[in-house]
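Numbering follows our numbering, in which position 243 of the sequence shown is assigned residue number 243; successive positions increment by one, without gaps.
Using N, Cα and C, we set each Cβ at its ideal position, and we do this for glycine too.
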Amino acid sequence: MRFFAIIVTVIWLTTSWANAQVQTKTLIELIESAKTNLPVLKQKLAQVKVARAVVTDVEHSFLPQIRASAQYSFGSDNSISGSTFPFSSTIATSGGIRADNKLEPATGSLAVLYGDYEVYNFGLNAAKRQAANAFIDLNQSDFERELYFLELNVAKAYFSFLKNQNKLNTDKQNIERYENLYELIRAQVVSGLRPGSDTSSAKAEISKARIGYNQTLGAVNQAMTQLAYFTVIDSKKLFIDTLKTTFNGNLIAMSLDTFNNPLIDYLYKRKNIFDTNERVIEKSFSPKIIIGASVLARGSSVQYNDNYQSLLEGFGYQRFNYVLGAAVNYNLFNNLYRRDKIAINKLQMESSNLEIEQQVETLHATSLQAENALQTAQANLLEIPIQIQAAQETYTQKLAQYKSGLISLNDLRNAAFGLYRAQSDYFDFQNDWYVAQLERAAATGKLEIFIQSLK
Numbered sequence: 001m002r003f004f005a006i007i008v009t010v011i012w013l014t015t016s017w018a019n020a021q022v023q024t025k026t027l028i029e030l031i032e033s034a035k036t037n038l039p040v041l042k043q044k045l046a047q048v049k050v051a052r053a054v055v056t057d058v059e060h061s062f063l064p065q066i067r068a069s070a071q072y073s074f075g076s077d078n079s080i081s082g083s084t085f086p087f088s089s090t091i092a093t094s095g096g097i098r099a100d101n102k103l104e105p106a107t108g109s110l111a112v113l114y115g116d117y118e119v120y121n122f123g124l125n126a127a128k129r130q131a132a133n134a135f136i137d138l139n140q141s142d143f144e145r146e147l148y149f150l151e152l153n154v155a156k157a158y159f160s161f162l163k164n165q166n167k168l169n170t171d172k173q174n175i176e177r178y179e180n181l182y183e184l185i186r187a188q189v190v191s192g193l194r195p196g197s198d199t200s201s202a203k204a205e206i207s208k209a210r211i212g213y214n215q216t217l218g219a220v221n222q223a224m225t226q227l228a229y230f231t232v233i234d235s236k237k238l239f240i241d242t243l244k245t246t247f248n249g250n251l252i253a254m255s256l257d258t259f260n261n262p263l264i265d266y267l268y269k270r271k272n273i274f275d276t277n278e279r280v281i282e283k284s285f286s287p288k289i290i291i292g293a294s295v296l297a298r299g300s301s302v303q304y305n306d307n308y309q310s311l312l313e314g315f316g317y318q319r320f321n322y323v324l325g326a327a328v329n330y331n332l333f334n335n336l337y338r339r340d341k342i343a344i345n346k347l348q349m350e351s352s353n354l355e356i357e358q359q360v361e362t363l364h365a366t367s368l369q370a371e372n373a374l375q376t377a378q379a380n381l382l383e384i385p386i387q388i389q390a391a392q393e394t395y396t397q398k399l400a401q402y403k404s405g406l407i408s409l410n411d412l413r414n415a416a417f418g419l420y421r422a423q424s425d426y427f428d429f430q431n432d433w434y435v436a437q438l439e440r441a442a443a444t445g446k447l448e449i450f451i452q453s454l455k
């Protein structure tokens, strides 16, 4: 039985280890998981599909319009000579012109097959097709921009996790350092070499160190929660690979790309919507040449000599006609309508151009700010090893002096804090360096290049 329990335990541990290995993710793998699973990207892709469906709908709108109708009627047949405007009430009766009203009912039947086609509309169909394709480009660019922001946010959460995870080890060392000091101080207090207040002060420092550890742990969990949200992986099953994240100090040359940058391309694609819309407006108010054809069958229980027949007679078709024709359709006020709509569209286009200019300036300024932050972080990273070594030597010296009774606890505490601060600053400066590189890459349109460089 014990042997069986041991076997089960080994299998469980092996399975758990294997699962942990499978779930361990690098930054690139985290981004790929986010690309695959995050619902907002699926939503953006669905919008691209909608835009493609719109193109199909536009193409089908160019087909001829063919309509068929049939009707059967029962009612009186009275009419009178005279004219009406085309937009007045439809006259339900044809024929039946006589000196007086006759309320004897009559039946009738009518079947019509009618079709028309805009054989020429001065390029309107082509303009509509271009506008529909521009709508696809806009939605595709919107998807690419969302993907770009997603990569940026995953990378930020990843670097935040790394910083705080590394800092967590420093906080653990800080707690252990104060716990060792506490044991040293308590021994000296018991032997009467130190006042009892030193133990209280040491306890306070341990508590403060633990609070710092708890805050850092909270930041680690917060970053992990963000990564779990972006990647749609349960945070309890998500393990971050930190083996390839050691600081190397390599810089990537980056200049602002105003053509392939997703943060600008979306605005260009939206501006293109206004460009294509202007062509649609121009063509929409041009004349339209239409050809039409109709076949008509008609029946009535009232004959040509005003002779009322059996009601059943009206349900059979007795006369047949066909009509072929062409027409030119044009509204004389179209020039006015065209001018008004183009004026509105030009103002929208002007606003779009200004937005592009502002975005370029903003990204340029962001790139410069990130460059300055990068230089500062890099300079600090060159200095921090010197500071850490000096702080370590100072702490070692102060610890020996405290043991010898040459300095107070406050002096030793300051030395311990200086060492902790120097060790923490290293991870802060390293994170500043990575984040500055990340923000510069995002602003200049080189985000993918930077992320791939972290392999």
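In the three-state reduction of the DSSP assignment, Y308 falls in the strand class.
Straight-line spacing of the CA atoms in L419 and Y213 works out to 16 Å. Taking the C-beta atoms as reference points, F143 is found nearer than 9 Å to L41.
The alpha carbon of L162 has as its nearest neighbour, out of Q389, M224, N331, I264, the alpha carbon of M224.
A straight-line Cα-Cα distance of about 28 Å links E32 and E371. In the three-state scheme derived from DSSP, where H, G and I count as helix and E and B as strand, E118 is classed as strand. Below 8 Å, enough C-beta pairs join the region 353 to 373 and the region 435 to 445 to call them touching: three or more. In the structure shown, the three-state DSSP call for Y434 is helix.
Beta-bridge annotation (DSSP): S207 is not paired with any residue.
DSSP places L296 within a strand segment (E or B) once states are collapsed to three. In the structure shown, A327 falls within a strand segment according to DSSP collapsed to helix, strand and coil.
Sequence-distant partners of N139 (beyond 5 residues in either direction) whose C-beta falls short of 7 Å from its own C-beta, in its chain, are Q47, V48, A51. If you ignore the 5 residues before and after I388, its C-beta comes within less than 7 Å of the C-beta of A422, Q423, Y426, all in its own chain and listed in chain order. Y337 carries a helical assignment under DSSP once its states are collapsed to helix, strand and coil. Closest in C-alpha terms to T376, from the list I206, F159, A187, N431, comes N431. CA-CA distance, Q130 to G115, rounds to 27 Å. DSSP places G418 in the helix class (H, G or I) of the three-state scheme. For S141, the CB contacts under 6 Å within the same chain, skipping 5 residues up- and downstream, are D265, Y266, K269 in chain order.
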